[in-house]
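Following: one structure in structure tokens, then a few remarks.
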Amino acid sequence: MFKILIITFLGFIPFLQAGVYGSLEFGDSRETVTKKLQSSELVEQKLDSTFFGRTGLNGVFKCKAQLAGLSYHLYFGWDDNGGLNEVTLRSAEVPMSEYGSSIKNAWSEADTLFTRVYNAPAQNAGYPSQSDFKNSDILISHIWHKGSGESILMGPGISKGKCFLAIRFVNRRIQPVRTP
């Protein structure tokens, strides 16, 4: 088990040490993001480029490395000037019956990995129970800070009777919200 965990970590570490994800940098244009991902060894393209105008880039690129046996697709956010301001790695959706097993296992492994790379999180709210999901699709349990102006958020999600893990890289510092 420990050997598998180390191999999984080694597959994910290259994207943690470079830019936002591999060679992607905040502020990159959609064209630059597309070119970088098409030449990246970290992802594979799951849709022909001719359809990008119709579909956009969201969900088109899949990470080659898995975390806790789950595959991840990339989703993007853009600022008003068309620059990259967010990258989300979203795991494959699994049945709700796996919320307390495969999603929790991926959540735990990601916690260990990001804490090893970025130190203790600024927020660690623990693993939310299914009953905690009221009006939210994703409940952010962790926040790590990367430098002074970037944050990494992680949490499980539930949508349409399926569950998943989301890991978001954003180009702003997000402070934890403390509740009494």
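Numbering (numbering that gives the first Met the number 0), first residue to last: 0 to 179. Don't be surprised by glycine CBs; every beta carbon is placed ideally from N, CA and C.
In the stretch 80 to 123, which residue ranges form an unbroken beta strand (DSSP E) of at least 3 residues, counting only runs that do not cross its ends? 83 to 90
What is the residue span of the beta strand (DSSP E) that Val176 lies within? Careful: Val176 lies outside any beta strand (DSSP E) and carries neither H nor E.
Considering just the uninterrupted stretch of the beta strand (DSSP E) at Val32, what are its terminal residues? Run containing Val32: none in the beta strand (DSSP E); it sits in the alpha helix (DSSP H), 29 to 37.
Can you find at least 3 beta carbon pairs, one from the stretch 87 to 99 and one from the stretch 53 to 73, that sit closer than 8 Å? yes
So the candidates are Gly154, Val169, Ala109, Lys45; which of them puts its Cα closest to the Cα of Ile137? Gly154
Please confirm whether Ser158 has its beta-carbon closer than 8 Å to some beta-carbon of chain B. Considering every chain present, this structure includes no chain B. It has just one protein chain.
Coarse secondary structure for Ser150, derived from DSSP in three states: strand
Would you kindly work out how many angstroms separate the C-alpha atoms of Tyr126 and Glu108, rounded to a whole number? 12 Å
Quick one: grab the DSSP three-state call for Gln44. strand
Three-way DSSP call (helix, strand, coil) for Cys162 in this model: The answer is strand: DSSP assigns Cys162 an E or B state.
Along the chain, where does the beta strand (DSSP E) containing Ile137 start, and where does it finish? First-last for Ile137: undefined, no H or E at that position.
Where Gly82 and Lys35 are concerned, what is the direct C-alpha to C-alpha distance, given to the nearest angstrom? The straight-line gap from Cα to Cα measures roughly 14 Å.
Using the Cβ count rule (16 or more neighbours within 10 Å means buried), how would you classify Asn80? exposed
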